[in-house]
Amino acid sequence: MAITVGIAGITGKFARELASALLKYPDVTIKGYCRDPAKVPETLSSKVQLTKGDAFDTSAIRSFVAACDVVVCCYLGDGKLMVDGQKALIDACAEEGVPRYVASDWSLDYTKLKLGELFPKDPMIHVKAYLDAHDKVKGVHVLVGMFTEVFFSPRFGTFDAASATFKFWGTGEEVWEATTYQNAAEYTAAVCVDKDAVGVKKLVGGRATIREIAESFEKVYGVKLGLESQGSVDELYKHMHELRQKDPQNIFSYMFLFFQYYMINGQTFLGPENDNGKYPQVKPVTWEDYLRSVPKDQLLSAISNVGSV
Ligand SMILES: NC(=O)c1ccc[n+]([C@@H]2O[C@H](COP(=O)([O-])OP(=O)(O)OC[C@H]3O[C@@H](n4cnc5c(N)ncnc54)[C@H](OP(=O)(O)O)[C@@H]3O)[C@@H](O)[C@H]2O)c1
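As structure tokens, then:
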């Protein structure tokens, strides 16, 4: 069945992976929305209908969403973009009769968080509430845990390649849920073409403890990683709040610690049950599958290759 998918923020990493996953389906038309169409790689721009506009240009947004069967928001930015920018898209969907809107989520289960606990997820809580109260547009929320590429990136601070060590908080027995960008895009594409898919969809590549990830690392690369606990989960809570209090503007000094805390304390787990079985055409990419797909010396930089379509 022919379907038209609108992707807002088509210049982004996830958006480019999503467009590429959607193009594997027959009869899919893609419309893309962005501030600067020159940033869309030519391999993609030749296959999508692009509309230029900023996040608050209501008439450009209306012409972008017109005739779409589903609109997917792939924005990542400040609170105003993530809340008001998404509301502008949702309102345009209502005006143009677009029945489904996939929110810019792809995260741990933020529906179990209170506002203020994991501050970068507050906008998602607001947008979900806005969609839940909407009578014309149905919200879709694809929850995937963390992106596997983020876990291995230097900013996350857990994988120390120089000393071949995992530096983690807790006991090492806490479960980590993750999905690669590409795998999350494959699942999201499957959700887009499934016209009945609405509400929360838990689609997860893999679940493993730090110790199990280290075992996979040794199996795949033949290197035994050191395991170094930085402290207990309670000590992590204290440490991240101290860093925030000391220098609130320096968000990157503590933001990933907040993510780690709300993942390993179990509060935002998706599984063990999930919705993967609804989309058997997508193969979940586990932690070990991911390691097999990336040369060891490219683990730190793999995130910068995401979206090279
Ligand atoms: N679970 C995880 O571990 C994890 C990690 C990362 C991201 N995510 C989620 O994945 C999604 C996409 O992230 P990503 O990594 O693909 O992000 P990204 O590569 O940084 O892309 C962000 C997109 O937002 C657009 N954007 C930013 N500020 C804007 C503004 N003021 N007005 C209009 N557009 C603006 C960018 O457009 P320009 O090119 O014009 O700047 C770009 O298209 C988000 O929902 C994010 O929360 C999840």
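Numbering (this note's numbering), first residue to last: -3 to 305. C-beta: ideal position from N, C-alpha, C; glycine also. Quantities reported herein were computed from a predicted structural model and do not represent experimental measurements.
In the structure shown, V229 falls within a helical segment according to DSSP collapsed to helix, strand and coil.
With respect to the 9 Å criterion, A99 and C69 are classified as neighbours on the basis of their beta carbons. DSSP places T264 outside any beta strand (DSSP E), giving it a letter other than H or E. Within the DSSP secondary-structure output, A34 pairs in no beta bridge. In the structure shown, A298 adopts helical secondary structure according to DSSP, grouped into three states. When the Cα atoms are used, Y106 and P22 turn out to be separated by approximately 33 Å.
Cβ contact annotation for W283 (same chain, cutoff 6 Å, sequence separation greater than five): G202, A204, I209 and S212, in chain order.
Residue pairing from DSSP places K48 in a beta bridge opposite C30. According to the DSSP assignment, F162 belongs to the beta strand (DSSP E) that extends over T161 to F164.
Within the same chain, and ignoring the five residues on either side of K134 in sequence, the residues whose Cβ sits closer than 8 Å to its Cβ are P95, R96, Y97, L127, V194 and G195. By the neighbour-count criterion, in which 16 or more other beta carbons inside 10 Å mark a residue as buried, L287 falls on the buried side. Look at G81 here: in three-state DSSP terms it is helix.
In the displayed model, A125 falls within a helix according to three-state DSSP. Between K191 and S55, the alpha-carbon positions lie close to 26 Å from each other. In this structure the segment 69 to 80 lies against the segment -2 to 9, because at least three pairs of beta carbons, one per stretch, are closer than 8 Å. Beta-bridge annotation (DSSP): R96 is paired with V66 and K134. The nearest non-hydrogen atom of ligand 1 is less than 8 Å from the C-beta of G81. When Cβ pairs closer than 8 Å are counted between the two stretches, the segment 267 to 277 is seen not to touch the segment 117 to 126, the count staying below three. The beta-bridge partner set that DSSP reports for D118 is empty.
DSSP, read as helix, strand or coil, puts F148 in coil.
In this chain, the alpha helix (DSSP H) harbouring V216 covers I206 to Y217. At least 9 Å separates the beta-carbon of V66 from that of G141. When the beta-carbon positions are compared, A185 and K20 come within less than 9 Å of each other. Per the coordinates, the alpha-carbon of D118 lies some 33 Å from the alpha-carbon of Q277. The residue from D101, A62 and S59 with its alpha-carbon nearest to that of M78 is D101.
Here F148 really is in contact with A298; their C-beta atoms are around 6 Å apart, less than 8 Å. One thing to note: G222 has its Cβ no nearer than 9 Å to the Cβ of W165. Looking only at Q256, G267 and S289, the smallest Cα-Cα distance to E113 is reached by Q256. Between I247 and L295, the alpha-carbon positions lie close to 24 Å from each other. Inclusion of Y71 in the 8 Å shell around ligand 1 follows from its C-beta lying nearer than that to a non-hydrogen atom of the ligand.
In the structure shown, the three-state DSSP call for A17 is helix.
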